[in-house]
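Per the working numbering, the sequence shown starts with residue 1409, numbered consecutively.
Read the structure below first, then the notes.
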Amino acid sequence: MKVTVVGAGNVGATCADVIAQRELANEVVLLDIKENFAEGKALDIWQTAPINLYDSRTVGSTNDYSKTANSEVVVITSGLPRKPGMTRDDLIATNAGIVRTVTEQVIKYSPNAKIIIVSNPLDVMTYCAYLTAKIDSSRVFGMAGILDTARYRAFLATELNCSPKDIQAVLMGGHGDTMVPLPRYTTVGGIPVTELIAKDRLDAIIDRTKKGGGEIVNLLGTSAWYAPGAAAAQMVEAIVRDQKRIFPVCAMLNGEYGMKDIFLGVPVKLGKNGIEQIIELKLNDDEKALLDASAKAVKEVMDVLDNMGAAV
């Protein structure tokens, strides 16, 4: 079995490393447009195999998609970070061009692959890949909810001084300030989190979660990579091992939650076929209002891509 990661930067290389160490595939292909970059990263990862005792082989490639042929899953992390003076529309146009080109090559060589998008802006890049791939939406989806939920759970574990293993949470909506953490569906060892943390502290944690990516950027001067890479790898694991995991994933909605033709973070069942079920939670009025507001913000960005048309 082969898994490909496109983009050998910090997120992509971390994702490939986790996939290899967990032995999720016989071969992990790391591809990048920068000459010899993926080859170097892949070689470095492979040289940890005798130390960490695993068999998955990592192979690097400079833009040679033939090496990715017949991949079971492809993770796309390609794209540029937003630079000073760059507008949101500039970022969308630039990264949509990259994601479109990558997706075309991915589908050419791996027509049956499941495609996981990590590139930002996440929701609209997933939409771009879906339009380009021209395959069922169950096979094109974005990684955001797992990362955002992980941050939420990590903050809760710190606040409660407990193991993050015991915390389960659901988070919905777009990847950004409009995301919708759901305290009503958050438990610690089966106990509702609302019974363990005062409302003001919980509200503060939710606000920190929404700004989690920005907090990392402010500290490091660049975006996160360990958690995003591991989150994408966890999605790969659910697919290749057909685990039927319930994860928050950026998925195309076709009537669920009263929405259509929009990519939004919702809980899904993830298995060998990709998204095997979209789970509809019973939201109260406040939760539904927050989700609707998040959807509106995401749709505005999707409309920007649509209006670019052939220019992208």
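Think of the CB as a built atom: it goes at the ideal place given N, C-alpha and C, for glycine as much as any other residue.
Query                                                                                                                            : Result
Candidates R1465, V1414, W1633: closest to D1440 by CA position                                                                  : V1414
Proximity winner among T1502, G1487, K1516, V1706, relative to D1472 (alpha-carbon distances)                                    : K1516
C-beta atoms of A1421 and L1438 nearer than 8 Å                                                                                  : yes
Residues near K1736 by beta carbon distance below 7 Å, same chain, minus five either side                                        : The structure shown does not extend to residue 1736, since the chain is modelled only from 1409 to 1720, so the question has no answer here.
Pairwise C-alpha distance: T1495 and L1432                                                                                       : 38 Å
Alpha carbon of A1450 to alpha carbon of A1639, nearest angstrom                                                                 : 19 Å
Contacts around V1691, its chain only, beta-carbon distance under 7 Å, and the 5 residues preceding and following it disregarded : One point to set straight first is that residue 1691 is Leu, not Val, in the sequence displayed. Cβ within range, chain order: L1699.
Euclidean distance between Cα positions of S1474 and Q1513                                                                       : 9 Å
Residue interval of the beta strand (DSSP E) (run including A1659)                                                               : 1653 to 1662
Cβ neighbour criterion (16 or more within 10 Å) applied to D1425                                                                 : buried
4-residue-minimum alpha helix (DSSP H) runs that sit fully inside the stretch 1444 to 1470, ordered along the chain              : 1445 to 1454, 1457 to 1460
Spatial distance of A1719 from N1503 (CA atoms)                                                                                  : Caution is warranted here: a pLDDT of 44 is assigned to A1719, below 50, making its placement in the model unreliable, and the coordinate value is therefore given only provisionally. For A1719 and N1503, the distance between alpha carbons rounds to 12 Å.
Integer Cβ distance of L1675 from I1683, believed to fall under 8 Å                                                              : Here residue 1675 is Pro; the residue named in the question, Leu, does not match the sequence. With a Cβ gap of about 11 Å, P1675 and I1683 do not count as contacting.
Nearest neighbour of R1653, chosen from N1715, K1707, I1500, V1578 [CA to CA]                                                    : V1578
At least 3 beta-carbon pairs within less than 8 Å: the stretch 1618 to 1629 vs the stretch 1505 to 1512                          : no
Cβ-based neighbour list, E1447, same chain, cut-off 6 Å, excluding 5 preceding and 5 following                                   : G1468
First and last residue of the uninterrupted beta strand (DSSP E) at I1525                                                        : 1522 to 1525
Check whether P1656 and V1526 have beta carbons under 8 Å apart                                                                  : no
Whole-Å CB distance - S1464 paired with A1428, under 8 Å assumed                                                                 : 4 Å
Straight-line Cα distance separating M1716 from A1703                                                                            : 20 Å
Beta-carbon contacts of A1641 that lie in its chain and below 6 Å, excluding the five residues immediately before and after      : C1423, V1426, I1427
CB contact flag (A1501, L1530, <8 Å)                                                                                             : no
K1410 classed as buried or exposed, judged by whether at least 16 other C-beta atoms fall within 10 angstroms                    : buried
N-terminal and C-terminal residue of the alpha helix (DSSP H) that A1420 is part of                                              : With the sequence shown as reference, residue 1420 is identified as Gly, and Ala is not the correct amino acid for it. Unbroken alpha helix (DSSP H) run through G1420: 1418 to 1429.
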